[in-house]
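J.: Each residue of the sequence shown is one higher than the one before, starting from 1 at the first, in the UniProt record's numbering.
I'd like to ask some things about the structure below.
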Amino acid sequence: MSKKYDLLVLGSGPGGYVAAIRAAQLGLKVGVVEKESLGGICLNWGCIPTKALLKSANVFEYISHAADYGISVKDAKADLDGMVKRSRGVAEGMSKGIQFLFKKNKIDAIMGFGKLKAGKKIEVATEDGKTEIYSADHIIVATGGRSRQLPNLPIDGKKIIGYREALVLDKAPKKMVIVGSGAIGVEFAYFYNTIGTEVTIVEFMPRLVPVEDEEVSKALERNFKKAGMKVMTSSEVTNVDTKGTGCKVTVKTKKGDETIDCDVVLSAVGISTNLEGIGLEDIGVATDKGKVIVDDYYKTNIPGVYAIGDIVHGPALAHVASAEGIICVEKIAGENPQPLDYNNIPGCTYCSPEIASVGYTEAAAKEAGYELKVGKFPFSASGKASAAGAKDGFVKLIFDAKYGELLGAHMIGANVTEMIAEIVAVRKLETTGHEIIKAVHPHPTMSEAVMEAAAAAYDEVIHI
């Protein structure tokens with residue numbers, strides 16, 4: 001294995017491995033340093049294995065409602081061990097896929113813990129205690145993030161757990177308290193509730209999924225309560241007593257303190273960046289509030305050193321990290337890529353109902369001074385949704401009343417995570433509301449709701 005490269009990438013998550021492959025396509029000699037499995041947290045302990053678990057929950061939910069579809073099923077049971085094994089198998093298969101792609105593109109995988117050294121070098125410590133020094137003309141830092149820990153909610157891996165432990169529990173808890181209602185929190189809430197756990201969600205903000213449009217938050221809360229979950233918003237966990245067999249969770253609410261007994265507490269309060277111990281301070285890389293400072297092409301203040309993904313300012317999303325990695329290496333290779341448009345980044349949450357959004361919420365658009373045309377189409381009026389038994393939810397589109405620009409889109413319902421890409425393309429191409437209406441959508445599909453929502457904004461809607 002070489003010790004000198006055109007590009008070294010520290011971290012092999014969706015930012016790092018995508019950057020490495022694109023760089024190799026552009027003719028660079030590339031090495032990637034990884035301390036665990038190729039693919040990073042997203043592929044091994046995040047995006048992919050959680051979606052595998054959620055698919056199992058979807059199937060179990062369908063079977064539980066089989067009678068609604070004219071099918072008789074008796075004694076269906078959720079086998080958590082089987083679900084976890086499938087999830088781990090999917091993740092391991094994807095990681096092997098990255099190994100194949102590295103071999104195909106002649107990328108060296110350097111296994112060990114990497115630390116930046118002056119002079120564009122990385123010191124790699126292997127499991128057997130040896131260290132090796134590798135150098136490159138360019139280094140991309142893509143070390144990602146981990147579960148954020150609150151002082152009063154220390155993760156012990158047994159009674160207070162993070163997302164990693166939640167992915168591989170050996171049995172379903174009878175009762176679970178989930179602290180935080182972002183994507184991680186609500187996805188695990190849906191999963192464990194579906195397989196029979198009594199779930200309580202505690203959210204500090206006034207509503208679930210607080211970054212989403214308010215109407216989406218309200219719809220999700222209605223669905224979760226209907227499914228039997230307890231939702232506590234504007235509430236804060238102040239203490240968790242783990243003495244004894246379970247946990248006693250003290251929650252501060254507007255009405256006073258409340259104590260909840262449970263078997264396990266899942267901390268889902270976001271992520272912290274992996275900046276510690278990788279040598280940033282040693283070589284003088286500038287940071288701000290736990291993030292590396294970069295320019296539009298991800299250059300740091302140190303020549304030849306770049307940073308992408310969760311460790312830089314911007315949405316901490318896998319697809320953002322990948323896009324940043326591609327832009328970064330194309331610039332390194334002498335091309336002239338456009339900077340990333342952070343106003344057109346879609347977000348997806350894979351609970352049931354699913355959530356997908358991009359651009360301004362209605363409240364944010366008003367605050368920005370726009371005059372609006374807002375169109376909303378409920379799936380209850382969709383032929384495909386009715387046929388599929390998926391009538392919960394809606395598509396909401398927000399237009400600038402003056403020029404017809406699509407400022408934002410917000411969806412909640414079955415399969416909406418597969419529908420949001422149309423909106424991203426529409427906004428990228430600066431398509432107007434009237435052009436969306438005139439774009440013929442196939443019938444019957446869930447995607448017709450996009451056309452109908454646009455028509456609703458301009459008082460041309462047919463089916464409501």
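For every residue, glycine included, the Cβ atom is placed at its ideal position computed from N, Cα and C.
Distance, Cα to Cα, Asn336 vs Val292?
T.: Distance between the alpha carbons of Asn336 and Val292 is about 23 Å.
J.: Could you tell me which uninterrupted alpha helix (DSSP H) segments, each at least 4 residues in length, are contained entirely in the region 352-432, listed from first to last along the chain?
T.: Whole alpha helix (DSSP H) segments, 4+ residues: 362-367, 383-388 and 420-428.
J.: Of all the options Glu236, Ser272, Thr300 and His410, which has the alpha carbon lying nearest to the alpha carbon of Gly359?
T.: It is His410.
J.: To the nearest angstrom, report how far apart Gly46 and Gln149 are at their CA atoms.
T.: Distance between the alpha carbons of Gly46 and Gln149 is about 17 Å.
J.: Could you check which residue in Gly144, Ser56, Asp75 and Glu92 has the C-alpha nearest to that of Gly11?
T.: If we check each option's Cα against that of Gly11, Gly144 comes out closest.
J.: Helix, strand or coil, according to DSSP, for Gly256 in the structure here?
T.: Strand at Gly256.
J.: Residues bridged to Thr287 by DSSP?
T.: Partner(s): Val292.
J.: Alpha carbon to alpha carbon, how far is Gly244 from His443?
T.: Their Cα atoms are separated by approximately 57 Å.
J.: Can you look up Tyr190 in the DSSP assignment and give me helix, strand or coil?
T.: The answer is helix: DSSP assigns Tyr190 an H, G or I state.
J.: Which residues does DSSP list as the beta-bridge partners of Asn239?
T.: Paired residues: Thr250.
J.: Any idea which residues DSSP pairs Leu116 with across the strands?
T.: According to DSSP, Leu116 bridges with Ile122.
J.: Mind reading off the beta-carbon distance from Tyr306 to Ile139? Whole number of angstroms is fine, and I expect it under 8 Å.
T.: The Cβ separation is near 7 Å, so the contact holds.
J.: Going by the beta-carbon positions, is the gap between Ala20 and Val30 smaller than 8 Å?
T.: Cβ distance < 8 Å, so Ala20 and Val30 count as in contact.
J.: Would you say the region 340-355 touches the region 180-199, given that touching needs at least three Cβ pairs under 8 Å?
T.: Contact between the region 340-355 and the region 180-199 is present, because at least three Cβ pairs lie under 8 Å.
J.: So, is Phe399 buried or exposed, given that buried needs 16 or more other C-beta atoms within 10 angstroms?
T.: Phe399 comes out buried.
J.: For Glu324, which residues does DSSP report across the bridge?
T.: DSSP, once it has assigned bridges, lists no residue as partnering Glu324.
J.: On the CB-based measure, 16 or more other CB atoms within 10 Å of its CB, does Pro49 come out buried or exposed?
T.: Label assigned to Pro49: buried.
J.: Could you spell out the range, first to last residue, of the beta strand (DSSP E) harbouring Thr200?
T.: That run of the beta strand (DSSP E) goes Glu198 to Val202.
J.: Look at the Cβ atom of Ala166, then the Cβ atom of Gly309, and state whether they are nearer than 8 Å.
T.: Their beta carbons are not under 8 Å apart, which means Ala166 does not touch Gly309 by this criterion.
J.: Can you check which of these residues, Asp79, Lys55 and Lys366, is closest to Val90 by C-alpha distance?
T.: Ranking Asp79, Lys55 and Lys366 by Cα distance to Val90 puts Lys55 first.
J.: Do the region 73-87 and the region 127-136 meet, that is, are 3 or more Cβ pairs less than 8 Å apart?
T.: In short, these stretches do not touch, since the Cβ pair count stays below three.
J.: Can the beta-carbon of Leu43 be found closer than 8 Å to that of Glu330?
T.: In this structure, Glu330 does not lie closer than 8 Å to Leu43 by Cβ.
J.: Apart from the five residues just before and just after Thr131, which ones in its own chain have a Cβ nearer than 7 Å to its Cβ?
T.: So the list reads Glu123, Val124 and Ala125, once near-sequence residues are dropped.
J.: For His441, which residues from the same chain have a beta carbon less than 8 Å from its beta carbon, with the 5 sequence-adjacent residues on both sides left out?
T.: Ser447, Glu448, Val450 and Met451, listed in sequence order.
J.: Answer with buried or exposed for Lys428, where buried requires no fewer than 16 other C-beta atoms within 10 angstroms of its C-beta.
T.: Label assigned to Lys428: exposed.
J.: Could you spell out where the alpha helix (DSSP H) holding Tyr163 opens and where it closes?
T.: It spans Tyr163 to Leu167 - the alpha helix (DSSP H) in which Tyr163 sits, taken as one unbroken run.
J.: If you draw a straight line from the alpha carbon of Ile332 to that of Lys4, how long is it in whole angstroms?
T.: C-alpha separation (whole angstroms): 17 Å.
J.: Given that a residue counts as buried once 16 or more other Cβ atoms are within 10 Å of its Cβ, and exposed if not, what is Ile462?
T.: The residue in question, Ile462, is exposed, as its Cβ has fewer than 16 Cβ neighbours within 10 Å.
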